[in-house]
Amino acid sequence: MNRGPIVLTIDEAEYLLDQLPPPGDDQDEIAKRMRTRLQDLLTALRENAEGIAKSDPSSAASSP
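Next comes the structure, spelled out in structure tokens:
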């Protein structure tokens, strides 16, 4: 399978996700995979947005 990187902002990823048909039993397999991957991307983007990334609790405990 050929793959390549793509860079999206949160707004662009949300827009693409909104353009997919609503989830359903008759949905194409590729649409299901794309929806899942876009949702995972949005989750990761939101976790790391604006410096609100979760820090490692073990490293925070060792800080003076």
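The opening residue of the sequence shown carries number 1 in UniProt numbering; numbering runs sequentially from there.
Where is the CB? At the ideal position from N, CA and C, for every residue including glycine.
Quantities reported herein were computed from a predicted structural model and do not represent experimental measurements.
Go to N48, then tell me how far its alpha helix (DSSP H) extends in each direction, as first and last residue.
29-48
For a quick check, are the C-beta atoms of L17 and Q39 less than 9 Å apart?
yes
Cβ atoms of L20 and R35: under 9 Å apart, would you say?
yes
Over what stretch of residues does the alpha helix (DSSP H) that includes L17 continue unbroken?
Note, L17: alpha helix (DSSP H), 10-19.
My guess is that L42 and E12 are in contact by the Cβ rule of under 8 Å, so how many angstroms apart are they, rounded?
At roughly 10 Å, the Cβ-Cβ gap does not stay under 8 Å, so L42 and E12 are not in contact.
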